[in-house]
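> Numbering (the numbering used here), first residue to last: 14 to 337.
The structure that follows is given in the form of structure tokens.
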Amino acid sequence: MSFCVKLSIGSPVPYQVPTLNLHGHVYEIEVSFKEGINNYFTSPELEFGDVHIGGRRKLFGALTFRYSYDAKRNIVRVCGTDFPSADGMAFITRPEGTEQYAYEHAANAGFAADEVHHNRDWNYNSPLTPGAAKIFKDIARSANEALIAALTATNTVSIQIRETLPAGLPLEHYLKLSTVHNPDGKLIGTFDPAHNYGEGVQIKKLDSYYGGKWNVPVNGPFANVIGSTPDPTHSAPSWIALWIAAYGGVTPVGCTSLNFPSTVKCGPVLIGGHVIDGEVPAAVASGSNDVMILPICHAHNNNNKVYMEAITRQNAIWLSNYMN
Numbered sequence: 014m015s016f017c018v019k020l021s022i023g024s025p026v027p028y029q030v031p032t033l034n035l036h037g038h039v040y041e042i043e044v045s046f047k048e049g050i051n052n053y054f055t056s057p058e059l060e061f062g063d064v065h066i067g068g069r070r071k072l073f074g075a076l077t078f079r080y081s082y083d084a085k086r087n088i089v090r091v092c093g094t095d096f097p098s099a100d101g102m103a104f105i106t107r108p109e110g111t112e113q114y115a116y117e118h119a120a121n122a123g124f125a126a127d128e129v130h131h132n133r134d135w136n137y138n139s140p141l142t143p144g145a146a147k148i149f150k151d152i153a154r155s156a157n158e159a160l161i162a163a164l165t166a167t168n169t170v171s172i173q174i175r176e177t178l179p180a181g182l183p184l185e186h187y188l189k190l191s192t193v194h195n196p197d198g199k200l201i202g203t204f205d206p207a208h209n210y211g212e213g214v215q216i217k218k219l220d221s222y223y224g225g226k227w228n229v230p231v232n233g234p235f236a237n238v239i240g241s242t243p244d245p246t247h248s249a250p251s252w253i254a255l256w257i258a259a260y261g262g263v264t265p266v267g268c269t270s271l272n273f274p275s276t277v278k279c280g281p282v283l284i285g286g287h288v289i290d291g292e293v294p295a296a297v298a299s300g301s302n303d304v305m306i307l308p309i310c311h312a313h314n315n316n317n318k319v320y321m322e323a324i325t326r327q328n329a330i331w332l333s334n335y336m337n
């Protein structure tokens with residue numbers, strides 16, 4: 014199974030120096046998502062200008078990135094624009110008739126010595142092409158933002174966006190969302206700064222299982238994770254604090270599944286509830302990549318007999334390698 018979205022690639026602003034001429038072209042391309050894990054997408058090469066080094070040659074460019082798509086559950090996984098991974102969006106350029114490829118990543122990642130500077134002729138990180146590297150990086154970044162926006166606009170696909178831990182989470186909450194394990198690796202619970210742990214325990218930081226964001230479509234079903242929190246009273250305020258930090262300090266105003274189903278009456282107090290995609294509440298194995306945190310009320314969080322639905326397209330926190 015597969016599906017497609019469309020997005021724009023390029024920069025509308027022309028650029029010209031003696032060694033490089035960019036025409037200001039913007040193209041619309043189609044991105045096809047096919048079922049599978051760690052799939053590569055590379056767009057067709059498009060003409061963006063001329064290079065005047067070693068003779069006059071056309072400059073071609075293309076986008077490339079890696080993704081995963083679970084067609085059965087309709088979930089796509091991509092990198093966030095600032096996620097420093099080789100899987101993330103990159104803009105590849107090369108002069109016509111050469112194999113001198115240069116890679117500009119959306120994130121501040123990559124190995125410029127291997128991906129740009131090694132080329133004999135085509136190296137835009139040079140005093141001969143001032144500002145060219147920023148233009149190419151902006152093309153990659155805007156393409157990745159457009160990709161996520163296009164996926165969101167489908168209103169049907171769930172989107173996992175790989176990101177690093179957000180800035181702004183208070184240390185108190187960071188500590189409470191780290192986990193403590195026995196020497197054999199078995200989970201004890203979330204870290205309690207006031208508790209005196211014995212020797213040999215392992216403390217695993219929140220960074221190790223924070224996967225990023227998960228965008229849930231309208232009417233997307235989700236259900237409670239059974240037995241998700243070893244110490245729910247201790248850590249519950251910190252889960253919602255993590256959600257708020259991830260989404261720019263915006264406080265949620267209502268339960269994600271407000272008054273759905275009709276047998277549940279939502280209250281005003283929200284927590285960061287551990288939930289999974291689908292209609293069946295279930296226990297989740299340690300190490301799972303399927304757990305998310307959504308703002309829900311106590312009535313929903315304490316009810317494992319119903320499932321929930323997002324009343325709008327909702328943002329969640331995605332936990333990767335859950336509690337492992």
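Ideal placement from N, C-alpha and C gives every residue a C-beta, glycine not left out.
Might you give, ordered along the chain, the residues of its own chain that have their beta carbon closer than 6 Å to the beta carbon of Y53, omitting 5 neighbours on each side?
Within the same chain, Y53 has close Cβ partners R79.
> Taking 7 Å as the line, does the beta carbon of P143 fall inside it for any heavy atom of the ligand GTP?
Of the ligands one can find in the structure shown there are none, so the ligand GTP has no counterpart to examine.
> Around the C-beta of E117, are 16 or more other C-beta atoms found within 10 angstroms, so that it is buried, or is it exposed?
E117 should be labelled buried.
> Between which two residues does the beta strand (DSSP E) holding L35 run?
From DSSP, the beta strand (DSSP E) with L35 extends over 33 to 35.
> Buried or exposed: which applies to S171, given that a residue is buried once 16 or more other Cβ atoms fall within 10 Å of its Cβ?
When all chains shown are included, S171 counts as buried.
> Sorted by chain position, which residues of the same chain lie with C-beta nearer than 8 Å to A153's C-beta, five sequence neighbours on each side aside?
Contacts found: L76, M102, A103, F104, E117, H118, A119.
> Could you check the C-alpha separation between P97 and M305 for me, to the nearest Å?
Rounded to whole angstroms, P97 to M305 spans 22 Å at the Cα level.
> For Y82, which residues of its own chain have a beta-carbon under 6 Å away from its beta-carbon, when the five flanking residues on both sides are left out?
Only F46, E48, V89 meet the Cβ criterion.
> Hey, A236 and V297: beta-carbon distance below 8 Å or not?
Going by C-beta atoms, A236 is not nearer than 8 Å to V297.
> Which first and last residues belong to the beta strand (DSSP E) in which T77 is found?
69 to 83 is the extent of the beta strand (DSSP E) around T77.
> In whole angstroms, what separates the C-alpha of V238 from that of P179?
The straight-line gap from Cα to Cα measures roughly 24 Å.
> What's the C-alpha gap between R10 and Q113?
Here the chain comprises residues numbered 14 to 337, so residue 10 is not present and cannot be evaluated.
> Strictly by DSSP, which residues pair up with T203?
Bridge partners of T203: T192.
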